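Asks: Take a look at the following structure, please.
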Amino acid sequence: MKDNLLPAYLAALDDDLRDARAAGVPSDMTAALTRGVSALKRATLRLRFRIIRETVKSKIGLGGDAGKVLRDAAG
């Protein structure tokens, strides 16, 4: 089974943070969770872009040293 549970988990964390703010929980109590959620979202976004980049490179036939080829092509 290959279900992607991360979007549901991030949505649940966002809901929890929103409910905590609505309930009047001080931001210093939720700061660690907020930083953790932000870090997880950034890591997920970087991973998605990395997957897209690798997919594009493989489809256009760039191999192991594609970064050098792309830098040279960019001038």
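Using the numbering used here, the first residue of the sequence shown is number 579, and each one after it goes up by one.
Here a beta-carbon is modelled for each residue, glycine too, at the ideal position from N, C-alpha and C.
Just so it is clear, the structure is predicted and the values come from calculations on it, not from any experiment.
Tell me where the alpha helix (DSSP H) around residue 604 begins and ends.
Replies: No alpha helix (DSSP H) contains residue 604, which DSSP labels as neither H nor E.
Asks: Tell me whether the stretch 614-621 and the stretch 579-597 touch, counting them as touching only if at least three CB pairs, one residue from each stretch, are closer than 8 Å.
Replies: Short answer: they touch.
Asks: Considering only residues of the same chain and omitting the five flanking positions on each side of residue 588, which have a CB-CB separation below 8 Å?
Replies: Closer than 8 Å at Cβ, skipping near neighbours: 615, 618, 619 and 622.
Asks: Less than 7 Å between the C-beta atoms of residue 598 and residue 608, yes or no?
Replies: Result yes, Cβ atoms of residue 598 and residue 608 sit closer than 7 Å.
Asks: Grab me the residues of residue 627's own chain with a C-beta within less than 6 Å of its C-beta, minus the 5 sequence neighbours each way, in chain order.
Replies: So the list is empty, once near-sequence residues are dropped.
Asks: Could you check what DSSP says for residue 581 in three-state terms: helix, strand or coil?
Replies: Here residue 581 sits in coil by DSSP.
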